[in-house]
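Numbering (full-length UniProt numbering), first residue to last: 1 to 131.
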């Protein structure tokens, strides 16, 4: 069976996708569009991990109130990721520290990684996409 045959029947080819979330949840389309791409990728049975770094940390913060800016709060979608077999959620320790946040401030369970641990994880990926 050729690689093309494996792709057509949906079996055999699984890539490791890492999605880097660097932007705040509102003010641009990056966070929401990135989340949609993650869900689509997972629907194709790929190995998906998500990293939240820089202002992307705010995407996971508890207590987000978007009424004042009149946009939909999509942060609750992160709680549903497990239903899509997306369980590898990582947060950059330095980004948490720089914003005065801890794991307790986040709406989902994450693995907190140092810069070196994050770099090692990135090397293991087939595809890295930044939003």
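Each residue gets a CB set at the ideal place from its N, CA and C atoms; glycine is no exception.
Straight across, the Cα-Cα distance linking residue 85 with residue 75 is about 17 Å. By the neighbour-count criterion, in which a residue is buried when 16 or more other Cβ atoms sit within 10 angstroms of its Cβ, residue 120 is exposed. Boundaries of the alpha helix (DSSP H) harbouring residue 30: 30-43, taken from the DSSP string.
Under the three-state reduction of DSSP output, residue 110 falls in the coil class, being neither helix nor strand. Residue environment: residue 63 is assigned as exposed (fewer than 16 neighbouring CB atoms within 10 Å of its CB, all protein chains considered). Taking the CA atoms as reference points, residue 25 sits about 15 Å from residue 38.
For residue 34, the closest alpha carbon among the candidates 95, 88, 51, 123 is that of 51. DSSP places residue 91 within a strand segment (E or B) once states are collapsed to three. Residue 28 is classed as exposed because its beta carbon has fewer than 16 other beta carbons within 10 Å across all chains shown. Within the same chain, and ignoring the five residues on either side of residue 16 in sequence, the residues whose Cβ sits closer than 6 Å to its Cβ are 47, 125, 126. The beta carbon of residue 87 sits closer than 8 Å to the beta carbons of 81 from its chain, once the five residues preceding and following it are set aside; these are given in chain order.
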